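Participant: Taken in order, the sequence shown gives residues 397 to 473; the numbers are from our numbering.
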Amino acid sequence: MPSKHALCVSLTERLASFIKAEIVVGRYSTASEVVRAGPRLLQEQSMPSLDNSADGTPPKRQARPNGGKGAAMRDKR
Numbered sequence: 397m398p399s400k401h402a403l404c405v406s407l408t409e410r411l412a413s414f415i416k417a418e419i420v421v422g423r424y425s426t427a428s429e430v431v432r433a434g435p436r437l438l439q440e441q442s443m444p445s446l447d448n449s450a451d452g453t454p455p456k457r458q459a460r461p462n463g464g465k466g467a468a469m470r471d472k473r
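(1) Per DSSP, what kind of secondary structure is Gly-434 in: helix, strand or coil?
(2) What whole-angstrom Cβ distance do Glu-418 and Val-430 have, given they're in contact under 8 Å?
(3) Going by C-alpha to C-alpha distance, which of Ala-427, Leu-403, Gln-439 sits closest to Leu-411?
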């Protein structure tokens, strides 16, 4: 098991309530589990794609619907 490091963080009431709710519904057992899930998700999102990591090229970005234009552009059609 990796070593653990204590870290003191401040949360908004909204985030604290969210953490409590995640525990109540049974998704997590402790507040620490909920808090650790956040950085893990961020780490996964920021890691380069395994498909391109061998040749050093950055991962390809996925195309956004309508070329990234917002709902206002769709409404003008």
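By construction, the Cβ of each residue, glycine as well, lies at the ideal position given by its N, Cα and C atoms.
Since the structure is predicted, the reported quantities are computational estimates derived from the model, not experimental observations.
Facilitator: Reading from the atomic positions:
(1) In this structure, Gly-434 counts as helix in the three-state DSSP scheme.
(2) With a contact defined as Cβ atoms closer than 8 Å, Glu-418 and Val-430 qualify at about 5 Å.
(3) The shortest Cα separation from Leu-411 among Ala-427, Leu-403, Gln-439 belongs to Ala-427.
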